[in-house]
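J.:
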Amino acid sequence: MKIQVFAVLKEYFDKEFELGDDITDIASLQSHLSCLNASAQGILQLCRFAVHDEFVDHDFTITKNDTICIFPPSSGG
Amino acid sequence: MIRSAYSHQAAVAELSEISAGPLDVVGLLAAAHHPKAGAVVLFSGEVRNHNEGMAVDYLEYEAHESMATKMIKAIIADANQKWPLNIAVAQHRTGKVTVGETAVIVITASAHRGEAYAANQYIIDRIKHEAPIWKCEYFSDGTKKWGSNCHC
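In order, the protein sequences belong to chains A and U.
So the mapping is simple: our numbering equals the position in the first sequence, first residue as 1, plus 661.
So the mapping is simple: our numbering equals the position in the second sequence, first residue as 1, plus 225.
1) So, using beta-carbon positions, are residue 272 of chain U and residue 364 of chain U closer together than 9 Å?
2) Which of the three DSSP states, helix, strand or coil, is assigned to residue 303 of chain U?
3) Just how far apart, CA to CA, sit residue 367 of chain U and residue 316 of chain U?
4) Are the stretch 261–278 of chain U and the stretch 319–335 of chain U touching by the rule of at least three beta carbon pairs closer than 8 Å?
5) Could you tell me which whole beta strand (DSSP E) segments of length 3 or greater appear in the stretch 326–364 of chain U?
6) Measuring alpha carbon to alpha carbon, tell me which of U:314, U:331, U:291 and U:305 ends up nearest residue 738 of chain A.
7) Select from the stretch 678–703 of chain A all residues with a C-beta closer than 7 Å to any C-beta belonging to chain U, and list them in chain order.
8) Go through its chain and collect everything with a Cβ distance to residue 728 of chain A's Cβ below 6 Å, but skip five positions before and after it.
9) What is the C-beta distance between residue 359 of chain U and residue 290 of chain U, in whole angstroms, given that I count them as a contact (C-beta under 8 Å)?
10) Give me the chain A residues within the contact set of residue 355 of chain U, using Cβ-Cβ distance strictly less than 8 Å, ordered along the chain.
11) I'd like the ranges of any beta strand (DSSP E) spanning at least 3 consecutive residues and lying wholly in the stretch 264–291 of chain U.
12) Quick one: Cα of residue 251 of chain U to Cα of residue 264 of chain U, how far?
13) Short of 8 Å in beta carbon distance, which residues of its chain neighbour residue 336 of chain U, apart from the five on each side in sequence? Order them along the chain.
14) Whose CA, out of U:270, U:339, U:307 and U:292, lies closest to the CA of residue 284 of chain U?
15) Would you say residue 341 of chain U and residue 266 of chain U are within 9 Å of each other, going by their C-beta atoms?
16) Would you tell me roughly how many angstroms separate the C-alpha atoms of residue 723 of chain A and residue 686 of chain A, rounded to the nearest one?
17) Which residue's Cα is closest to the Cα of residue 241 of chain U: U:256, U:258 and U:294?
18) With 16 as the cutoff for other CB atoms within 10 Å, does residue 725 of chain A come out buried or exposed?
19) Tell me which residues share the same chain as residue 691 of chain A and place their Cβ nearer than 6 Å to its Cβ, disregarding the 5 neighbours each side in the sequence.
20) With DSSP as the reference, label residue 700 of chain A as helix, strand or coil.
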């Protein structure tokens, strides 16, 4: 699956990267990323996740063909 | 020749919610007239030269363009449900925006000013907090910081 991160998350991860197929839902993705970079754990707790341009909950099932976008808290305006 | 204000309305209707180039504040205001509206409210969110005691040189805005577009459209649709508006449009910048430039514009028009003011504030508040758009502040001392909206 492909992961895209935005804004401050780019200071913790590549803007876009691939992950293995063993991750099955958003909650496990969040845990996996926190393990990859422990310093991102706090910001990851505040993030929203989107698949196919729709926000999804933590129990949303993800598959190998999905692109998951991870959004830190908005700061527009 | 004096051009009718209403001939500009197509420009407002076709406005893209996210723009990589400068926002045409004056042009949008010129287009934002409606025969049934007695009040037009324009909010221009601009880049100021300081934040939290630091001198700011410029901001860079990043957006998830398709989702931000969809969300701004939905926020405007919600505002149209809540108030009787004749015009409700919003546009947000991406990329580098320098001090004094407009980063976001919201225009609302209604029969009376109360609805236009209330809807305008509703739209900008929701855009700031909900749309997937982020600012990075570039300070005069050479440092930078991804922003948060905790204080506004």
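Don't be surprised by glycine CBs; every beta carbon is placed ideally from N, CA and C.
Given the structure is predicted, the values throughout are model-derived calculations rather than measurements.
T.: Judging by the given coordinates:
1) Residue mapping note: residue 272 of chain U aligns to position 47 of the second sequence, counting from 1. Residue mapping note: residue 364 of chain U aligns to position 139 of the second sequence, counting from 1. Not a contact, by the Cβ cut-off of 9 Å.
2) Along the second sequence, one-based indexing puts residue 303 of chain U at 78. Residue 303 of chain U falls in the helix class under three-state DSSP.
3) For the purposes of this step, residue 367 of chain U is taken as residue 142 along the second sequence, with counting starting at 1. For the purposes of this step, residue 316 of chain U is taken as residue 91 along the second sequence, with counting starting at 1. Whole-angstrom Cα-Cα distance: 29 Å.
4) yes
5) 327–335 and 358–364
6) Against the first sequence, residue 738 of chain A aligns to sequence position 77. Closest option to residue 738 of chain A, Cα to Cα, is U:331.
7) Cβ contacts with chain U come from no residue of the stretch 678–703 of chain A.
8) Locating residue 728 of chain A in the first sequence gives position 67, where the first residue counts as 1. The residues are 663.
9) Position 134 of the second sequence, counted from the first residue, corresponds to residue 359 of chain U. Position 65 of the second sequence, counted from the first residue, corresponds to residue 290 of chain U. Contact annotation, residue 359 of chain U with residue 290 of chain U: C-beta distance approximately 12 Å; criterion of less than 8 Å not satisfied.
10) Here residue 355 of chain U corresponds to residue number 130 of the second sequence, with the count starting at 1. Residues of chain A passing the Cβ test: 735.
11) 264–271 and 279–288
12) Residue numbering aside, residue 251 of chain U sits at position 26 when the second sequence is read from its first letter. Residue numbering aside, residue 264 of chain U sits at position 39 when the second sequence is read from its first letter. Going from the Cα of residue 251 of chain U to the Cα of residue 264 of chain U covers about 17 Å.
13) Taking the first residue of the second sequence as 1, we reach residue 336 of chain U at position 111. Here the set comprises 261, 262, 263, 264, 309 and 311.
14) As a working mapping, residue 284 of chain U is identified with position 59 in the second sequence. The option with the nearest alpha carbon to residue 284 of chain U is U:270.
15) Numbered from 1 along the second sequence, position 116 holds the residue referred to as residue 341 of chain U. Numbered from 1 along the second sequence, position 41 holds the residue referred to as residue 266 of chain U. In this structure, residue 266 of chain U lies closer than 9 Å to residue 341 of chain U by Cβ.
16) As a working mapping, residue 723 of chain A is identified with position 62 in the first sequence. As a working mapping, residue 686 of chain A is identified with position 25 in the first sequence. Their backbone Cα atoms lie some 5 Å apart in a straight line.
17) The residue labelled residue 241 of chain U in the question sits at position 16 within the second sequence. Nearest Cα to residue 241 of chain U within the set U:256, U:258 and U:294: U:294.
18) Translated into positions along the first sequence, residue 725 of chain A becomes position 64. So residue 725 of chain A ends up on the exposed side.
19) Residue numbering aside, residue 691 of chain A sits at position 30 when the first sequence is read from its first letter. Taken in chain order, the residues that qualify are 705.
20) Position 39 of the first sequence, counted from the first residue, corresponds to residue 700 of chain A. Residue state, collapsed to three classes: helix.
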